[in-house]
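**Q**
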Amino acid sequence: MATLDPVVLLTYAYGPTIIGQAATRYGAGVVIDDGNGTVGTRSAGTRVRETGGRASGGGDARTRAYPGADIRAGGGAGVGDAAIGTPGAGASVPGVSEPGAASVGPASVGTAVLLAAAPAGRGRAMDAASVLPVLAAVPPAVLTGTATATVVELADPLDPQTVLTRLRAVAASPGPLVVFLAGQLHLDKRQFLPHLALARTTAATLRYTALPWHWLAGELGRRPAGTTTVVADLAADPDVWQRLTAAPDLLHLGPGTHLYGRVTPAPRRGEPATPDYLRAWAELWRAGARPPLPAMHAEACVRASAARATAPEEILLAPAPVVVPAPAAPAPAAPVAAVVQDPHPAILAAAMAGRHGEAAAMAAAWESEALRRHGPRSAEAVHWTEVRADLARLAGDPARSCELWLAAAEFRLALRQQADDPDVEAAVDRAHHQWERVDDRARAGALGPALVALRERVPGPRPGALDALRRRMG
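Residue numbers (our numbering): 4 to 477.
1. With a 10 Å radius around its C-beta and 16 neighbouring C-beta atoms as the bar for buried, classify M476 as buried or exposed.
2. Would you identify the three-state DSSP class for P215, choosing helix, strand or coil?
3. CA-CA distance, G124 and G448?
4. Am I right that P278 and D236 are in contact with their C-beta atoms under 8 Å? What's the rounded C-beta distance?
5. I need the boundaries of the alpha helix (DSSP H) containing D432, first residue and last residue.
6. Can we say the stretch 279 to 289 touches the stretch 242 to 256, given the rule of at least three CB pairs closer than 8 Å?
7. Going by alpha carbons, who is nearest to H347 out of L394, D442, R246 and C304?
8. Let me know the secondary structure DSSP gives P9 once reduced to three states.
9. Mind checking whether A131 and A185 have CB atoms under 8 Å apart?
10. What does DSSP give as the partner residue(s) for L184 in the beta ladder?
11. Based on Cα-Cα distance, which residue from G264, A128, R282 and T114 lies nearest to R169?
12. Compute the distance between the beta-carbons of R458 and L418, then report whether it is under 8 Å.
13. Out of D240, V155, V182 and P163, which has the shortest C-alpha to C-alpha gap to F195?
14. When we look at the beta-carbon of Q421 and count the other beta-carbons within 10 Å, is it buried (16 or more) or exposed?
15. Is the stretch 384 to 394 in contact with the stretch 347 to 367, if contact means three or more CB pairs nearer than 8 Å?
16. Please name the residue or residues paired with R265 in a DSSP beta bridge.
17. Can you give the beta carbon distance from E383 to L450, rounded, assuming they're within the 8 Å contact cut?
18. Give the DSSP bridge partners of L190, in chain order.
19. The beta strand (DSSP E) spanning E156 covers which residue range?
20. Using a Cβ-Cβ cutoff of less than 6 Å, which residues in the same chain neighbour R480 once the five nearest sequence positions on both sides are dropped?
21. How many whole angstroms separate the CB atoms of D159 and A121, which I take to be in contact at a CB cut-off of 8 Å?
22. Give the range of the alpha helix (DSSP H) segment to which M355 is assigned.
23. Using 8 Å as the Cβ pair cut-off and three pairs as the minimum, do the stretch 207 to 224 and the stretch 299 to 306 touch?
24. Between which two residues does the alpha helix (DSSP H) carrying P241 extend?
25. Near R171, what residues of its chain come up, given a Cβ to Cβ distance below 6 Å and the 5 sequence neighbours on each side ignored?
26. Return yes when the Cβ of A298 is within less than 8 Å of the Cβ of R226, no when it is not.
27. Taking the straight line between their C-alpha atoms, what separation do you get for R246 and L201?
28. Rank A445, R358, A456 and R473 by C-alpha distance to the C-alpha of G399 and give the top, closest one.
29. Near A412, what residues of its chain come up, given a Cβ to Cβ distance below 8 Å and the 5 sequence neighbours on each side ignored?
30. Indicate the three-state DSSP secondary structure (helix, strand or coil) for V141 in the structure shown.
31. Which ranges does the alpha helix (DSSP H) cover as unbroken runs of at least 4 residues, wholly within the stretch 253 to 308, from first to last along the chain?
32. Please determine whether the Cβ atom of R265 lies at a distance below 7 Å from any heavy atom of the ligand GTP.
33. Where does the unbroken alpha helix (DSSP H) through T165 begin, and where does it stop?
34. Report all residues from its chain with a CB closer than 6 Å to the CB of Y263; omit the five preceding and five following residues, and keep chain order.
35. Can you find the residues in the same chain that come closer than 8 Å, C-beta to C-beta, to R473, ignoring five residues on each side of it along the sequence?
36. Are T2 and V181 closer than 8 Å when you measure CB to CB?
Structure representation (structure tokens):
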């Protein structure tokens, strides 16, 4: 159990009753582009990729889509289902329209683009392609928040026109589109516009070998509002960094595209930067986390900063939450209930800023409301117990976190969830993990018997957890 990776507020594994969309099996259609204009697909379980090899023309298109398949697009050398949903059925967490793909129903077919690009040789300021295997390991449906998905992968592409063609094709798809982008930005000295460097880009050839950022904005801006999300991990050259600090909207992609990202100054010498922000998104998803996108962004920023030995300079990009307006009343006599903003992003923001008392107070207020509306043995009440448990972890109180996770597990069992239910197992695993972090021997000893009793009923998916617990208790 010592290897358990703790998750951030509301990033609970598996449970469709937490936040986001219901758990579904995923499928994917995959496109393979080897850089010569020939497009094909592989059988289920493969991905289509595009890398930086030589483009020799062509135009022979052969495409077939298979459920569960995945598509890679490229021009050179290349590289469990879980939950996303709103708190359980009937939960009363109010209405903020989630920016990005998650706002579209799970029945849609989504498209994910994995684009990593950087110049070859000494001009490389970011090892962008290193994040592709981690992102590629995430189920396609999780990347897009839909029931089925297509994944298009572009690894170190050479030609901006080729990238534009791919973007134009995916932008024409009707479902949600999520673009995961890692790379470095350079400024065109003639027009003073940012460009995404590609494999052949040099300072002298920037205008002809890099992708203008406004091309990306133009293609995505044609899509219906609210169906497009871009998650970007970027290193900016000194000119772009200077302009970006003065004008934070320099990378704005239009009102209909939701941009989450992290921009850092390109290193002046030494090892290239690594896309730690995007890697954190992938690792959170692979750990079973399914929070709303604003919470995902916040946690990824924290993890990316923690990966550096010193606090990095950074600019964080995120859209403002869109509050769903209340419907107009048909007559003055018919009152309309006010729409309440989803509390989770505000709670997480307070906790991340170190205002743990404020975060705990907000969670306690929502828990009281859930108890009043639904009763103590309800999925809604359990949800807020789990929120409080994770807040205690963020506040550095593992004993209290363990105590609350134990209570959450007991509540779920009382709701007649089975011992092998993923939500029950996750609660016990987290209680166990937090117990191992308790330094106060007396407090750990007091919590130990309850944890052992629960472990006997819920052994969990990892063999030996109960034996390890007993050995540690002595």
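Cβ coordinates follow ideal geometry from the N, Cα and C atoms, glycine included.
**A** Based on what the coordinates show:
1. exposed
2. strand
3. 57 Å
4. 4 Å
5. P425 to W438
6. no
7. L394
8. Here P9 scores only 34 on pLDDT, less than 50, and its place in the model is too uncertain to base an answer on.
9. yes
10. L118 and A235
11. T114
12. no
13. D240
14. exposed
15. yes
16. D236 and L319
17. Not really, about 26 Å apart at Cβ, beyond 8 Å.
18. P197
19. T151 to A158
20. Any answer about residue 480 is impossible in this case: the structure gives the chain only from 4 up to 477.
21. 7 Å
22. H347 to M355
23. no
24. P241 to A249
25. E222
26. no
27. 21 Å
28. R358
29. V427, A430, V431, A434, L457 and V461
30. coil
31. 279 to 289
32. Ligands displayed in this structure: none; no statement on the ligand GTP is therefore possible.
33. P163 to A174
34. V234, H300 and A321
35. V455
36. There is no way to answer for residue 2, as the model of the chain reaches only from 4 to 477.
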